[in-house]
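Chain order of the listed sequences is U and S. Counting along the first sequence from 1, when you hit position 83 you're at 109 in this note's numbering, and nothing is skipped either side. Counting along the second sequence from 1, when you hit position 99 you're at 109 in this note's numbering, and nothing is skipped either side. From the three backbone atoms N, C-alpha and C, an ideal C-beta is built for every residue, glycine too. Every value quoted in this text rests on a predicted model; they were computed, and no experiment measured them.
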Amino acid sequence: MKTLVVALSLIFVIISPIENLQTCDVNTAKIAVAPLIFNETHEDAGQNVYLTRAVHNKLGVFSNQLFHCYFYYLDWQTIFKTTGFVALIFLIYLLVKSAAKNNFIYGVLFLIYPLIPITNFPILSVAYFYKLFAIIGLVYFLKHK
Amino acid sequence: MKKFLTDTHLILIIILLASILRFWHLGNFPPSLFVDELSNGYNAYSILKTGRDEYGNFLPLTFKSFGDYNPALSVYTLVPAISILGLNDYAVRAPAALFGVGSVIGVYFLTYEIFKRRKVALFSAFLLSISPWHLQFSRYDHEATFMVFYTTLALVAFFNWLNKTTRAAPLVISSIFFGLALNSYHGAKVYVPLLILVLAVVFKRHLFTKAQKLALPLITLFIFTIPYLVNFENTLIRGQSVGILKESAPVATFISGYLSHFSPNFLFISGDSIGRHSVPGMGQLYVFMLPLLVIGLFKLIVEKKERSKFLIMWLLVTPIAAAVASPVPHALRSLPMGTVIVIISALGLYSLSRINSKLKTIGLLILASIAFYNIFTYLHLYYIHYPKEKSLDWSYGYKEVATYVNNVQNNYSQVAIGDDSKKSYIAFLFYTKFDPSLYQPQSSNKAAFDKFEFFGPSWSKTKQGKALIVTPFWQAHPPEVLKNVYLPNGDLRFLISTE
């Protein structure tokens, strides 16, 4: 029974269609900096320039944009849309169960991988990465449950 | 040697901080009362003066308001504030701020009851006192703030009972607070039963071995459902208008909406897209809380205790009420999530502070620096940028118009207001403090009262004498302009003109 569930889930994970992802990387972050800084500093007109610089600076806005991209690829909703519900469940299962056993390798990889599409690497790789993780989650389930 | 600052001193400092952040310039930030706040305020004023709502219903159990039949408790909560402070912006928001401070105190006791550690309780109270998510709704008269307060107290009483199960009284008190929460906000109809279910599942061992003691709390809880049962059809109206059942694929919409509440971008980077729910440029929470949340979650997963199961399941059910409606993610409907996250982050901070390593001091210093920068930036964005960027989301301009009109209306036989939302009548009732006993008999006509008339795309004169005409900036108006009303960013909002 368990093997059947795993086999069916595996089929779901593999055949579920991958939805298109937005492009969000270093370049889009760079492009966004100038207009954002202009808008923010425009509203601070008449204020102490050091205060304005402290809260609205290029480094801050750029890193905010980069975080936005990173979290876009790390988003549960993105994972659901690109890999499907079954994959999402087994991916979460893998992360929770491995963390409970003090095995951090999957957690660390899960946090590192979304950095790759930000650096102009093909975006779809992140979807395949999540699918791979879901398959490992299935194997984990088969071995440990 | 005695400690310089005891835990009592620290919690008092936190309460003071929470109060300053919630009560300071409450009437001016956010920049104006939103129409829902105006409606709650005028209905509370109407109850105070006549014992009836704007429609003339005697002490109603649900308020019709703009047709969404809100649970009554939040309006009744405003009555004492309005009777003391008068009908004004500050009085309408003061109860929310007070309940916000109350939630900070409640979370302190709740965290203490859960973990039995003062430090974790202090951390959680501090994090909630400065939380942008909680601050946003503590400075806005909305029912959800009251619901969070009551559920927090209900949980405090429940855990108090759990820790000393000999007395049934805390369980009855818990059910009273759950009942109050149920009558404070539409979303509570989904959230409160789910939270009670979580408690029943996680603590079934404690609850069902003392099943005979559950009768009184359950009867108490049932009594509080009576307002819903009496007004059953009306209480469904709001759910039907925002629910996802009308979507083409409701299950996928639900899953996607549910997951959107766990989006790191929603939580830490950009927040809710609705202007009243978050400050542009900020997430619902501070970035420095992210590592604390991850550490806290990890501790809970590893710990495998009942309290860990409860906190994780509580976190998982909080967005459900928001996910069955649209739009998503919705910071207001998922407001209790902010409280759970704060408690888990406090556990993370506590775990971090107990690490025995030289790196700990460096790590905590870096975290404190990021926290300081985050808080400073948030306050700057809230008090400088937010009023300029989002004043339209707060129905800005009506107060300025009503104040002007109040001063000159004796010179005119008619005041015509351009209004396509069909809700602006409430602003003029509120700011002119119009006698509710005069308004109630004619409340079915939302297009006019007294001298005031509200029109859509165009206005045609119906009365003899001089008329004062208020139009949005884009609408045609008579040539003699008496006053322009501007938004805080300098954009034109209304023109007041005469024939």
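Report the residue from the options whose alpha carbon sits nearest the alpha carbon of residue i.
i, options, result
"Leu269 of chain S", "S:Ser344, S:Ile427 and S:Phe133", "S:Ser344"
"Ala125 of chain U", "S:Val312, S:Ile427, S:Tyr393 and S:Tyr201", "S:Val312"
"Ile94 of chain S", "S:Lys126, S:Ser363 and S:Lys59", "S:Lys59"
"Phe462 of chain S", "S:Asn499, S:Asn416 and S:Arg32", "S:Asn416"
"Tyr422 of chain S", "S:Tyr449, S:Thr508, S:Lys456 and S:Val297", "S:Thr508"
"Ile149 of chain U", "U:Thr67, U:Val39 and U:Tyr98", "U:Tyr98"
"Leu228 of chain S", "S:Ile183, S:Asn193, S:Ile247 and S:Arg215", "S:Ile183"
"Phe156 of chain S", "S:Ile92, S:Leu88 and S:Ser139", "S:Leu88"
"Tyr435 of chain S", "S:Ser29, S:Asn241 and S:Ser405", "S:Ser405"
"Lys319 of chain S", "S:Gly189, S:Ala210, S:Asp78 and S:Ala221", "S:Ala210"
"Ile140 of chain S", "S:Pro488, S:Gly466, S:Phe125 and S:Leu389", "S:Leu389"
"Phe39 of chain S", "S:Arg103, S:Leu71 and S:Ser29", "S:Arg103"
"Ser283 of chain S", "S:Thr263, S:Lys314, S:Ala262 and S:Val338", "S:Val338"
"Lys473 of chain S", "S:Thr413, S:Asp460, S:Ala341 and S:Val261", "S:Asp460"
"Ala412 of chain S", "S:Val480, S:Pro446, S:Ala378 and S:Ile353", "S:Val480"
"Val202 of chain S", "S:Gln250, S:Phe264 and S:Pro329", "S:Pro329"
"Tyr166 of chain U", "U:Ser42, U:Val31 and U:Tyr119", "U:Tyr119"
Could you tell me the distance, in whole angstroms, from the CA atom of residue i to the CA atom of residue j?
i, j, result
"Phe73 of chain S", "Thr162 of chain S", "25 Å"
"Phe504 of chain S", "Lys476 of chain S", "19 Å"
"Ser75 of chain S", "Ser49 of chain S", "6 Å"
"Phe33 of chain S", "Arg127 of chain S", "29 Å"
"Ser336 of chain S", "Ser148 of chain S", "23 Å"
"Asn366 of chain S", "Met323 of chain S", "31 Å"
"Lys34 of chain U", "Leu164 of chain U", "Going by the sequence as given, residue 34 of chain U is Leu instead of Lys. Roughly 11 Å separates the two Cα atoms."
"Ser258 of chain S", "Leu132 of chain S", "47 Å"
"Tyr296 of chain S", "Ile305 of chain S", "15 Å"
"Leu23 of chain U", "Asn499 of chain S", "The structure shown does not extend to residue 23 of chain U, since chain U is modelled only from 27 to 171, so the question has no answer here."
"Asn65 of chain U", "Asp51 of chain U", "22 Å"
"Met299 of chain S", "Ser355 of chain S", "6 Å"
"Gln485 of chain S", "Lys471 of chain S", "16 Å"
"Tyr139 of chain U", "Thr67 of chain U", "34 Å"
"Gly348 of chain S", "Ala91 of chain S", "26 Å"
"Ala71 of chain U", "Gly37 of chain S", "24 Å"
"Met11 of chain S", "Thr18 of chain S", "With a pLDDT of 48 at Met11 of chain S, under the threshold of 50, the modelled position of this residue cannot be trusted; read the value that follows with caution. Near 17 Å, if we compare the C-alpha coordinates of Thr18 of chain S and Met11 of chain S."
"Leu190 of chain S", "His82 of chain U", "44 Å"
"Gln424 of chain S", "Ala101 of chain S", "30 Å"
"Asn90 of chain U", "Asn275 of chain S", "10 Å"
"Leu359 of chain S", "Ala426 of chain S", "57 Å"
"Leu141 of chain U", "Leu138 of chain S", "31 Å"
"Leu205 of chain S", "Asp46 of chain S", "27 Å"
"Asp151 of chain S", "Gly51 of chain S", "9 Å"
"Ala135 of chain S", "Ile21 of chain S", "8 Å"
Using a cut-off of 8 Å between C-beta atoms, extract the partners of residue i located in chain S.
i, result
"Phe106 of chain U", "Ile265, Ser266 and Leu269"
"Leu100 of chain U", "Pro274"
Please check the pair residue i and residue j, which I expect to be a contact at CB under 8 Å, by giving their CB distance rounded to whole angstroms.
i, j, result
"Glu243 of chain S", "Tyr195 of chain S", "At roughly 19 Å, the Cβ-Cβ gap does not stay under 8 Å, so Glu243 of chain S and Tyr195 of chain S are not in contact."
"Glu123 of chain S", "Val85 of chain S", "With 8 Å as the limit, Glu123 of chain S and Val85 of chain S do not qualify as a contact, their Cβ atoms being about 31 Å apart."
"Phe168 of chain S", "Glu316 of chain S", "Between Glu316 of chain S and Phe168 of chain S the Cβ distance is about 13 Å, and since that is not below 8 Å, they are no contact."
"Asp99 of chain S", "Leu31 of chain S", "So it is not a contact: roughly 18 Å between Cβ atoms."
"Ile279 of chain S", "Gly293 of chain S", "5 Å"
"Ser185 of chain S", "Leu217 of chain S", "So it is not a contact: roughly 12 Å between Cβ atoms."
"Ile25 of chain S", "Val114 of chain S", "7 Å"
"Leu36 of chain U", "Ile161 of chain U", "7 Å"
Run down chain S in chain order and give the residues with a C-beta less than 7 Å from the C-beta of residue i.
i, result
"Val112 of chain U", "Ordered by position in chain S, no residue passes the 7 Å Cβ test against Val112 of chain U, which lies about 12 Å from the chain."
"Val122 of chain U", "Ile311"
"Gln11 of chain U", "The question about residue 11 of chain U has no answer, for chain U in this structure spans 27 to 171."
Run through chain U and tell me which residues come within less than 8 Å of residue i, C-beta to C-beta.
i, result
"His390 of chain S", "Leu77 and Val81"
"Val312 of chain S", "Ala125, Ala126 and Asn128"
"Ile279 of chain S", "Asn90, Phe93, His94 and Phe97"
"Thr328 of chain S", "Near Thr328 of chain S there are no residues of chain U at all, since even the closest Cβ is about 15 Å away, more than 8 Å."
Mind pulling the chain U residues with CB within less than 7 Å of residue i?
i, result
"Lys398 of chain S", "Glu69"
"Phe308 of chain S", "Ala125"
"Thr387 of chain S", "Val81"
Using only the heavy atoms of the ligand SAM, determine whether one of them is closer than 7 Å to the beta carbon of residue i.
i, result
"Leu226 of chain S", "As for the ligand SAM, it is missing from this structure, which has no ligand bound."
For a contact defined as C-beta to C-beta under 9 Å, what are the partners of residue i on chain U?
i, result
"His395 of chain S", "Glu66, Glu69 and Asp70"
Indicate whether the contact test is met: 3 or more Cβ pairs, each with one atom in the segment 51 to 71 of chain S and one in the segment 438 to 458 of chain S, closer than 8 Å. yes
For the 8 Å Cβ check, are there 3 or more pairs between the segment 102 to 114 of chain U and the segment 127 to 138 of chain U? no
Counting pairs of Cβ atoms below 8 Å between the segment 139 to 147 of chain S and the segment 106 to 120 of chain S, do you hit three or more? yes
Would the segment 450 to 464 of chain S count as touching the segment 394 to 404 of chain S if we require 3 or more Cβ pairs under 8 Å? no
Report yes or no: do three or more beta-carbon pairs, one from the segment 172 to 192 of chain S and one from the segment 295 to 313 of chain S, lie closer than 8 Å? no
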